[in-house]
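*Asks:* Sharing a structure, written as structure tokens. Questions coming.
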Amino acid sequence: MGQTAFVKGRYQENIAASRTVGRALVYGSIIAMVGAGVGAALGGESPGIGAVLGGGGILIMAASVVALADWRRGFLLLALIVLAEDSVRKAIPGAPGWVNLGKDFVVATCYLGYFFSPRRFEPRERLPGKVRGLILLPIFLWYAFVVVQAFNPGVPHFLLGISGIRTWVLYMPVLWIAASYFRDAETAQRSLN
């Protein structure tokens, strides 16, 4: 009897999660369309680029708010934004290079949402110290290498080094968020389908 109740509870939890993601996608699409309309109106010479930037900007702001409220939903939206951002850069030749900075805001708010999440404090099995050290030591050595190379005198401009830090250091903790998001095979299967 207890096992049946557990399975039924998990099923209802899955239904609620899929409805929530569906609602988030619908609301995000509506918000993006409103932003696209505003961007097209204010776009000036190229209303297409204005529409894409307006829709994307508002979608990124909405995704950041969602990520602060629930880092799990923010993580899913981050995956969608990464795909959309890459498509925009390839589809529109005149899109500015700073378009790819939008996902940084969503990543940062996912980190904040995760850090302040009550689920982070749930008991879970910890890795032994040696295993943790074998995992963390190469990561911290890589961080040190990236920071040292950012200030390499051979780098043509200091902003290039800062961009390298952003790329290599900002996105490394996504590994921990992904590991927390996909805690078991069932969650991964449900999310990826």
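For the sequence shown, position 135 matches number 135 in the numbering used here, and the numbering has no gaps at all.
C-beta: ideal position from N, C-alpha, C; glycine also.
1) Could you tell me the distance, in whole angstroms, from the CA atom of L137 to the CA atom of Y143?
2) Please classify Y171: does DSSP put it in a helix, a strand, or coil?
3) Along the chain, where does the alpha helix (DSSP H) containing I135 start, and where does it finish?
4) Under 8 Å, with one C-beta from each stretch per pair, do the segment 101 to 117 and the segment 153 to 171 reach the 3-pair mark?
5) How about the segment 174 to 190 and the segment 146 to 155: do they share at least three Cβ pairs that are nearer than 8 Å?
6) Where L160 and G133 are concerned, what is the direct C-alpha to C-alpha distance, given to the nearest angstrom?
7) Using the three-state DSSP reduction, which class does G154 fall into: helix, strand or coil?
8) Please say whether L59 and I31 have beta carbons closer to each other than 8 Å?
9) Just to check my reading of the structure: V38 and G54 have Cβ atoms closer than 8 Å, yes? What is that Cβ distance to the nearest angstrom?
10) Hey, G113 and A67: beta-carbon distance below 8 Å or not?
11) Which value, in whole angstroms, describes the spacing of the CA atoms of L217 and S87?
12) Could you tell me the alpha carbon to alpha carbon distance between N100 and E85, rounded to whole angstroms?
13) What do you get for R72, buried or exposed, if any count of 16 or more other CB atoms within 10 angstroms of its CB means buried?
*Replies:* This is what the structure holds:
1) Distance between the alpha carbons of L137 and Y143 is about 10 Å.
2) Coil, per DSSP.
3) It spans G129 to A150 - the alpha helix (DSSP H) in which I135 sits, taken as one unbroken run.
4) In short, these stretches touch, since the Cβ pair count reaches three.
5) Under the Cβ criterion (8 Å, minimum of three pairs), the segment 174 to 190 does not count as touching the segment 146 to 155.
6) Cα to Cα, L160 sits roughly 31 Å from G133.
7) Of the three classes helix, strand and coil, the one that applies to G154 here is coil, per DSSP.
8) The answer is yes: Cβ separation under 8 Å.
9) The C-beta separation of V38 from G54 comes to about 5 Å, placing the pair in contact by the 8 Å criterion.
10) Taking 8 Å as the Cβ cut-off, G113 and A67 qualify as a contacting pair.
11) Residue 217 falls outside the range modelled here, since the chain spans only 1 to 193, and no answer is possible.
12) Annotation: N100 to E85 spans about 6 Å, alpha carbon to alpha carbon.
13) Buried is the label assigned to R72, since at least 16 other Cβ atoms lie within 10 Å of its Cβ.
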